[in-house]
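*Asks:* I'd like to ask you about the structure that follows.
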Amino acid sequence: MPQPTMAAGFAAAFLDYAAQRGASRQTLLASAGLTEAELEDQDARVPVAAYQALVMAGISATGDTALLLRHTFETKLEAISVVGQIVHSSQSLAHSIAQLNRYLRLMAEVEIAGTRDRFELLEESGAVWIVDHIAVVGPDYLGLEASFARFISEFRRSFPDLPFALEMEVTYPPPPHAAEYPDLFRIPVRFDAPRNALRIDPVWLSEDSAFEPGHAYSFGIFTRHADALLEALGRSERLRDRIEATILPDLHKGSLSMDQLARDLGMSRQTLYRRLKAEGETFADIHDDLRRRMALDYLTARKVSVSETAYLLGFSEASSFVRAFKRWTGQSPTAYLNRIA
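Using the working numbering, read the sequence shown as starting at 326 and increasing by one per residue.
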């Protein structure tokens with residue numbers, strides 16, 4: 326199975342940060358299966374799993390579970406990725422988030438249930454939230470807390486005297502370094518929440534916002550570079566991604582035909598089978614994993630009932646869906662929802 330990848334700049338920046346705090350560069354690189362040469366070009370790609378191993382090795386070496394979080398608060402995105410340059414030369418907050426969603430794959434290939442963008446600006450009863458639709462499982466919370474930390478740190482650095490973040494909701498339980506949150510985030514944080522979201526001052530969506538539009542010429546240069554990188558990344562797109570995009574609208578039908586899928590993809594069944602085998606995948610596994618991710622999205626982010634979720638995912642009976650959900654998560658849907666309520 327092809328591994329999801331990410332920009333080498335993030336691994337290089339974290340490696341430098343951890344080494345400055347006493348970790349051995351050679352030990353960290355060996356733990357991640359990376360070399361210095363692979364990190365020289367910030368636009369090069371490294372496996373996401375290698376970056377995660379690098380982070381865990383850094384945490385182990387320093388004994389600081391908040392190491393990635395501190396690194397995020399103390400570094401500049403524009404020094405790590407072209408996406409940072411694009412965000413800082415956008416026309417408004419809404420425009421910058423649209424660009425972030427557009428070029429997110431350049432930073433890291435992450436799974437988002439459904440076809441929605443990862444980040445959403447949401448207005449609720451006069452409050453403005455930045456919602457992160459990524460599903461958090463186990464140690465994945467490290468990436469999520471770093472994501473919100475990046476929003477806060479970039480605004481804190483650019484507008485040190487203006488309020489931005491007001492409160493935060495996260496679906497994960499208090500991490501080992503939860504006691505560090507008040508000092509680092511400086512806002513109230515609700516753990517075990519039903520969603521991952523950052524409430525911000527509404528002024529950032531108004532015409533009175535201090536957000537200064539970036540230089541159009543610079544924006545054009547950065548986006549052309551990013552578009553070229555996206556095109557190159559697209560040429561190496563996994564067959565799995567194409568299959569998921571093709572079958573997602575038909576999930577409610579339940580049993581899906583591999584013959585029809587092959588026709589939709591413009592290849593024979595034999596070619597589809599051969600290419601899946603080459604990627605270490607099976608159609609059944611891809612279908613099952615997509616159902617799992619969509620189930621979590623429907624039940625948590627979209628507040629769909631258990632019976633409706635069962636229908637949308639193509640289960641003939643709710644009981645069949647409950648059994649599948651227990652296999653995926655170790656809990657029934659009701660127990661899962663009660664835990665995060």
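Glycine is no exception: its CB is placed at the ideal position from the N, C-alpha and C atoms.
Fully enclosed by the region 565 to 645, which alpha helix (DSSP H) runs are 4 residues long or longer?
*Replies:* DSSP runs (the alpha helix (DSSP H)) wholly in the region 565 to 645: 583 to 589, 594 to 603, 608 to 621, 631 to 637.
*Asks:* Nearest-angstrom Cα distance between residue 607 and residue 601?
*Replies:* Here residue 607 refers to the residue found at position 282 of the sequence shown. Here residue 601 refers to the residue found at position 276 of the sequence shown. Each residue's alpha carbon lies about 6 Å from the other.
*Asks:* Tell me which residues share the same chain as residue 386 and place their Cβ nearer than 6 Å to its Cβ, disregarding the 5 neighbours each side in the sequence.
*Replies:* What you label residue 386 is simply residue 61 of the sequence shown in a count that begins at 1. Within the same chain, residue 386 has close Cβ partners 348.
*Asks:* In whole angstroms, give me the CA-to-CA distance for residue 552 and residue 663.
*Replies:* For this step, residue 552 is matched to residue 227 along the sequence shown. For this step, residue 663 is matched to residue 338 along the sequence shown. C-alpha separation (whole angstroms): 43 Å.
*Asks:* Are three or more beta carbon pairs between the region 414 to 424 and the region 378 to 397 nearer than 8 Å?
*Replies:* No: fewer than three Cβ pairs fall under 8 Å.
*Asks:* Going by other Cβ atoms of all chains shown within 10 Å of its Cβ, with 16 needed for buried, is residue 468 buried or exposed?
*Replies:* Walking along the sequence shown from the start, residue 468 turns up at place 143. Residue 468 should be labelled buried.
*Asks:* Starting from the C-beta of residue 575, find all residues in its chain whose C-beta is less than 7 Å away, skip the five residues before and the five after it, and write them out in chain order.
*Replies:* As a first step, residue 575 must be located in the sequence shown, where it is residue number 250. Cβ neighbours of residue 575 beyond the five flanking positions: 581.
*Asks:* Between residue 660 and residue 646, is the Cβ-Cβ spacing less than 7 Å?
*Replies:* The residue labelled residue 660 in the question sits at position 335 within the sequence shown. The residue labelled residue 646 in the question sits at position 321 within the sequence shown. No; because the gap between Cβ atoms is not below 7 Å, this pair is not in contact.
*Asks:* Bridge partners for residue 549 per DSSP, in chain order?
*Replies:* Indexing the sequence shown from 1 puts residue 549 at position 224. Bridge partners of residue 549: none, in fact.
*Asks:* Taking Cβ to Cβ, would you say residue 494 is nearer than 7 Å to residue 518?
*Replies:* Position 169 of the sequence shown, counted from the start, is the residue given in the question as residue 494. Position 193 of the sequence shown, counted from the start, is the residue given in the question as residue 518. Yes, they are a contact pair.
*Asks:* Once you ignore the five residues that flank residue 326 on each side, which residues in its own chain have a CB closer than 6 Å to its CB?
*Replies:* Translated into positions along the sequence shown, residue 326 becomes position 1. Summary for residue 326: the model assigns pLDDT 44, below 50, so the residue's position carries little reliability; its value from the coordinates is reported in the next sentence. If we look at residue 326 and ignore the five residues flanking it on each side, its Cβ neighbours are 604, 605, 606.
*Asks:* If you reduce the DSSP assignment to three classes, tell me which class residue 481 lands in.
*Replies:* On the sequence shown, residue 481 is found 156 positions in, with the first residue counted as 1. Correct three-state label for residue 481: helix.
*Asks:* Can you tell which of 592, 534, 566, 412 has its C-alpha closest to the C-alpha of residue 614?
*Replies:* Within the sequence shown, the letter at position 289 stands for residue 614. That would be 566, whose Cα lies nearest to the Cα of residue 614.
*Asks:* According to DSSP, simplified to helix, strand and coil, what is residue 341?
*Replies:* Numbered from its first residue, the sequence shown carries residue 341 at position 16. Three-state DSSP puts residue 341 in a helix.
*Asks:* Take residue 419 and list the residues in its own chain whose beta-carbon comes closer than 8 Å to its own, dropping the five residues that flank it on each side.
*Replies:* Working through the sequence shown from its first residue, we reach residue 419 at position 94. So the list reads 446, 530, once near-sequence residues are dropped.
*Asks:* Which term fits residue 573, buried or exposed, when burial requires 16 or more other beta carbons within 10 angstroms of its beta carbon?
*Replies:* To locate residue 573, count along the sequence shown from 1; it is residue 248. Exposed, by the Cβ-count rule.
*Asks:* Nearest to residue 458 by CA position, among 477, 481, 496, is which residue?
*Replies:* Start at 1 with the first residue of the sequence shown, and residue 458 comes out as number 133. Residue 496 is the option with its Cα nearest to residue 458.
*Asks:* So is residue 460 buried or exposed if we call it buried at 16+ other beta carbons inside 10 Å?
*Replies:* Translated into positions along the sequence shown, residue 460 becomes position 135. That one is buried.
*Asks:* Can you tell me whether residue 412 is buried or exposed? The criterion is at least 16 other CB atoms within 10 Å of its CB, across all chains shown.
*Replies:* If you number the sequence shown from 1, residue 412 lands on position 87. So residue 412 ends up on the buried side.
*Asks:* For residue 338 versus residue 364, is the C-beta spacing smaller than 7 Å?
*Replies:* Residue numbering aside, residue 338 sits at position 13 when the sequence shown is read from its first letter. Residue numbering aside, residue 364 sits at position 39 when the sequence shown is read from its first letter. In this structure, residue 364 does not lie closer than 7 Å to residue 338 by Cβ.
*Asks:* Would DSSP call residue 508 helix, strand or coil?
*Replies:* As a working mapping, residue 508 is identified with position 183 in the sequence shown. Helix, per DSSP.
*Asks:* Once DSSP output is grouped into helix, strand and coil, what is the label at residue 677?
*Replies:* There is simply no residue 677 to check, as the chain begins at 326 and stops at 666 in what is shown.
*Asks:* If we count the other Cβ atoms within 10 Å of its Cβ and call it buried at 16 or more, is residue 410 buried or exposed?
*Replies:* Position 85 of the sequence shown, counting from 1, holds the residue named residue 410. Looking at its Cβ environment, which holds 16 or more other Cβ atoms inside 10 Å, residue 410 is buried.
*Asks:* Would you check if the distance between the CB atom of residue 356 and the CB atom of residue 378 is smaller than 7 Å?
*Replies:* As a working note, residue 356 is residue 31 in the sequence shown. As a working note, residue 378 is residue 53 in the sequence shown. Cβ atoms of residue 356 and residue 378: closer than 7 Å.
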